[in-house]
Ligand code: PXP
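Residue numbers (the numbering used here): 91 to 336.
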């Protein structure tokens, strides 16, 4: 039988709301505690270069919380010297390397690993040597999966944003097949497969039709939904949706 697919909860946007007023409320660390109590298998946080949501201080407290709770912290980071040194200081369970552009509203597209192997490989190596699992956030393409394996990643996280935003059922199915094929290829190459971006109660369970997927990382929808039903309920409903996936 298939192992239960893990749910990682991204709490960045609790910090977005907090930062809108510059104070301490709502606290993303409290959100992380609530998420773990509600059944999240881990916490994801993205320390962006411009610190628009999660801050350096948040990462310190989140690391301590996850260590106490014996739950993984998935630290999303750009491929920069600054982020590498922060990751090496905190030693999260995993570091997910993402592309980052200051002007983007969210992570638009996956990391172009193919063609940038020389830049990414030393970072992946330094993280791995520190005992941090290396995940690469990539598009579901053959070239990117091959490059991810070549630079020594242990995990690939497929960007599901395109699948989630497509409205035409035919186009959506084509994108689903692209995700499924890339997941199968990654699995053959020994990479653990995760997926994330834009997932909700409908698209998250659909991803579980891809047997190689081991983990989903979900943020924006859950934080948005929590305005209406509370974070605990939003996460429990997501867990239930995933558990009832065919
Ligand atoms: N995974 C990665 C690598 C991301 O960058 C993001 C967005 O920060 C997510 C998952 C979660 O996406 P969303 O907030 O749309 O659920």
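A virtual CB, placed ideally from N, CA and C, is assigned to each residue, including glycine.
Remember, predicted model here, so these are calculated numbers, not experimental data.
- Is the closest heavy atom of the ligand PXP to the C-beta of residue 228 under 6 Å? Residue 228 sits at position 138 when you count from the first residue of the chain shown. No - the ligand PXP has no heavy atom lying nearer than 6 Å to the Cβ of residue 228.
- Task: Check the C-beta distance from residue 101 over to residue 125 and give it rounded, since I have them as a contact under 8 Å.
- Result: By 1-based counting over the chain shown, the position of residue 101 is 11. By 1-based counting over the chain shown, the position of residue 125 is 35. That pair is a contact at about 7 Å.
- Message: At the level of alpha carbons, what is the spacing between residue 254 and residue 269?
- Response: Counting from 1 along the chain shown, the entry for residue 254 is found at position 164. Counting from 1 along the chain shown, the entry for residue 269 is found at position 179. Cα-Cα distance, rounded: 12 Å.
- Message: Quick test of your reading: residue 149 and residue 185, contact by CB under 8 Å. State the CB separation rounded to the nearest angstrom.
- Response: Along the chain shown, read from residue 1 onward, the residue named residue 149 stands at position 59. Along the chain shown, read from residue 1 onward, the residue named residue 185 stands at position 95. At roughly 11 Å, the Cβ-Cβ gap does not stay under 8 Å, so residue 149 and residue 185 are not in contact.
- Query: How is the alpha helix (DSSP H) around residue 251 delimited, first residue to last?
  - Reply: Numbered from 1 along the chain shown, position 161 holds the residue referred to as residue 251. That run of the alpha helix (DSSP H) goes 251-255.
- Roughly how many whole angstroms lie between the Cα atoms of residue 194 and residue 157? The count along the chain shown starts at 1 and reaches residue 194 at position 104. The count along the chain shown starts at 1 and reaches residue 157 at position 67. Roughly 32 Å separates the two Cα atoms.
- Query: Does at least one heavy atom of the ligand PXP sit under 6 Å from the Cβ of residue 308?
  - Reply: Start at 1 with the first residue of the chain shown, and residue 308 comes out as number 218. Checking the Cβ of residue 308 against the ligand PXP gives yes.
- Quickly, what does DSSP pair residue 135 with across the bridge? List them, please. Working through the chain shown from its first residue, we reach residue 135 at position 45. Answer is 165.
- Item | Segments of 3+ residues assigned as beta strand (DSSP E) that fall wholly inside the segment 175-238 | 184-187, 223-228
- Taking all protein chains shown into account, decide if residue 308 is buried (16 or more other Cβ within 10 angstroms of its Cβ) or exposed. On the chain shown, residue 308 is found 218 positions in, with the first residue counted as 1. By the 10 Å Cβ count, residue 308 comes out buried.
- Item | Secondary structure, beta strand (DSSP E): runs of 3+ residues fully inside the segment 268-332 | 282-286, 303-308
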